[in-house]
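Q:
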Ligand code: SF4
Ligand code: SF4
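Numbering (the numbering used here), first residue to last: 235 to 716.
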């Protein structure tokens, strides 16, 4: 039996969406479904009429008939708009925010193979004043034994999922190259026996790369992310050795060798933006045109706003302007079927294309977990050996299911109440738990300090998406179904 009254059934009101225009076409980004629709002719009129307030069905139809539309077209359009939830007939719907009940198969483990680093970058979340990991008194290096137990946990917890992934992380990952090498060999043998497909990646500061390591990375198709903050002046202002020397001149020849010898998987640059390092265009040009990276991604340092290196709101506005400029450069390349390496755009376009509507901000605790040097399982690499978000031990029972479920219950978008009226929630879902912890003291807080930025950036990406979808839709096929 329907609880909706006769009168309510006959009343139309607007659904939840974000409208944007691209290539002269008006689009709707539907919330919460995350789908995107081009809006034409009468559809536009209907939404304009309902923008002024709800209308009785007959009053709405009469207005459209007065505009010269035929009854059959009106009814078909109302039906279509209802199907995509752009309009609603009946009582405003309460969105249900249910936590998924099924166990989520693990897809990736991030192994912090060491908590040591040969650099002392000012903003490092493992060494700075804002760190939440507590490496003191713990083993500095992960043993092969713990790494193999982590791999066993991944295989076991991945269920029927065929493709799985191991990411090596630090500290500086290559300080523990022997364990990384033996773990890759172990995991590959295990994959061959079980029929799973395993992939690897690592993040490195590049200081320890040499021919032997590069060849190993290439032979094992290991994706590499290099942390680098731009040209010599910018990079050396943050990324220094413990004696204060900049690391730029040490790493650049090694990176060039890596780009030359390693051709079997992607190699990307990862830039951390801080108060002194925010010239995105200059950095992007340097990394792609002078060093030779095909891909570069940027993210602001996670920092308490009181830190000197924290990138304040004014600089972030400027970063958004520069991101926008590069995003439209990306669009121009896409319209000519050319590759552009600004991964902040390609990552967001991929999410938009998949019609993602996130229940969780990221895969941490869901398909991904971090493991510390002694085998403690944490939410992600930033939470290993932290006082919060701990989820078991690789050799003592594996994943702590109760802790994981509790985390997933309290961090679901349904529990981030501040986000419930936000149109960007299908892609943001409240944002990074680590950022929330540093800024708001709780992993479950919504990152309300950057909402305008997130909405601004997603609006830019939607416009880029709409323009590519209109003028060169085949380009979007590269983002696949997932
Ligand atoms: S954190 Fe802000 S931008 Fe993100 S979903 Fe919540 S309200 Fe929206
Ligand atoms: S919690 Fe933050 S740092 Fe950890 S995986 Fe998610 S987005 Fe990344």
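Cβ coordinates follow ideal geometry from the N, Cα and C atoms, glycine included. Bear in mind the structure is a predicted one, so any value in this text is a computation, not a measurement.
In chain order, what residues of the same chain lie with their CB nearer than 8 Å to the CB of residue 600, ignoring the 5 residues before and after it?
A: Counting only Cβ-Cβ distances below 8 Å, and skipping sequence neighbours, we find 338, 594, 642.
Q: Where does residue 719 sit, in a helix, a strand or coil, going by DSSP?
A: Lying outside 235 to 716, the shown extent of the chain, residue 719 is not represented and no answer is given.
Q: If you follow the beta strand (DSSP E) that residue 399 is part of, which residue opens it and which one closes it?
A: 397 to 403
Q: Do residue 565 and residue 708 come within 7 Å of each other at the CB atom, strictly closer than that value?
A: no
Q: Give every residue of the same chain whose Cβ lies closer than 7 Å to the Cβ of residue 602, excluding the five residues on either side of it in the sequence, and list them in chain order.
A: Cβ neighbours of residue 602 beyond the five flanking positions: 341, 342, 344, 614.
Q: Report back the beta-carbon spacing between residue 545 and residue 534 to the nearest angstrom; my notes put them in contact at under 8 Å.
A: 5 Å
Q: Candidates 607, 433, 562, 511: which alpha carbon is nearest residue 404's?
A: 607
Q: Assuming residue 245 and residue 619 form a contact by the criterion Cβ under 8 Å, report the distance between their Cβ atoms to the nearest whole angstrom.
A: Contact flag wrong, Cβ pair sits at about 56 Å.
Q: Give a yes or no on whether the C-beta atoms belonging to residue 569 and residue 706 are separated by under 7 Å.
A: yes
Q: Taking the alpha-carbon of residue 389 as reference, which of 650, 633, 648, 690 has the nearest alpha-carbon?
A: 633
Q: So is residue 237 buried or exposed if we call it buried at 16+ other beta carbons inside 10 Å?
A: The predicted model places residue 237 with a pLDDT of 41, which falls under 50 and marks its position as unreliable; any figure quoted below should be read in that light. Burial state of residue 237 is exposed, judged by a 10 Å Cβ sphere holding fewer than 16 other Cβ atoms.
Q: Grouping DSSP H, G and I as helix and E and B as strand, with all else coil, what is residue 438?
A: strand
Q: Taking the alpha-carbon positions, what's the residue 299 to residue 308 distance?
A: 8 Å
Q: Taking 7 Å as the limit between beta carbons, can you name the residues of its chain near residue 687, skipping five residues before and five after?
A: 550, 554
Q: Is it right to say residue 412 is buried, meaning 16 or more other beta carbons lie within 10 angstroms of its own, or is it exposed?
A: Classification of residue 412: exposed, given that the 10 Å Cβ count is below 16.
Q: Starting from residue 433, follow its DSSP beta bridges and name the residues at the other end.
A: 399.
Q: Starting from residue 246 and walking both ways along the alpha helix (DSSP H), at which residues does that stretch end?
A: Premise fails: residue 246 lies in the beta strand (DSSP E), 245 to 248, not in any alpha helix (DSSP H).
Q: Taking the C-alpha atoms as reference points, what is the distance between residue 294 and residue 320?
A: 15 Å
Q: Pull up the distance between the alpha-carbon of residue 509 and that of residue 561, whole angstroms please.
A: Rounded to whole angstroms, residue 509 to residue 561 spans 22 Å at the Cα level.
Q: What does a CB cutoff of less than 7 Å around residue 693 pick up in its chain, not counting 5 residues either side in sequence?
A: Cβ within range, chain order: 254.
Q: Assign residue 588 to one of two classes, buried (16 or more other C-beta atoms within 10 Å of its C-beta) or exposed (fewer than that).
A: exposed
Q: Can you have a look at residue 217 and say buried or exposed, based on whether 16 or more other CB atoms are within 10 angstroms of its CB?
A: Only positions 235 to 716 of the chain appear in this structure, which leaves residue 217 out of reach.
Q: Identify, in the order they occur along the chain, each residue of the same chain with its Cβ nearer than 6 Å to the Cβ of residue 585, setting aside the five sequence neighbours on each side.
A: Scanning its chain for C-beta atoms nearer than 6 Å, with the 5 sequence neighbours on each side dropped, one finds around residue 585 the residues 661, in chain order.
Q: Would you say the beta carbon of residue 681 comes nearer than 6 Å to a heavy atom of ligand 1?
A: The nearest non-hydrogen atom of ligand 1 is less than 6 Å from the C-beta of residue 681.
Q: Examine the Cβ distances between the stretch 434 to 449 and the stretch 489 to 500 and report whether three or more of them are shorter than 8 Å.
A: yes
Q: What's the call for residue 287, buried or exposed, on a 16-neighbour Cβ count within 10 Å?
A: With fewer than 16 other Cβ atoms from the protein chains shown falling within 10 Å of its own Cβ, residue 287 counts as exposed.
Q: What's the C-alpha gap between residue 504 and residue 689?
A: 23 Å
Q: For residue 266, I'd like the list of residues in its chain whose CB is within less than 8 Å of its CB, leaving aside the five on either flank, ordered along the chain.
A: Excluding the 5 residues flanking it on each side, residue 266 has same chain C-beta neighbours closer than 8 Å at 250, 329, 591, 659, 660, in chain order.
Q: By the 10 Å Cβ neighbour count, where 16 or more other Cβ atoms means buried, how is residue 193 classified, buried or exposed?
A: Residue coverage of the chain in this structure runs from 235 to 716, which leaves residue 193 outside it and unanswerable.
Q: Report all residues from its chain with a CB closer than 6 Å to the CB of residue 465; omit the five preceding and five following residues, and keep chain order.
A: 520
Q: Tell me, to the nearest whole angstrom, how far the beta carbon of residue 283 is from that of residue 271; I am working on the premise that it is less than 8 Å.
A: Not quite, the Cβ-Cβ distance comes to about 18 Å (not below 8 Å), so this is no contact.
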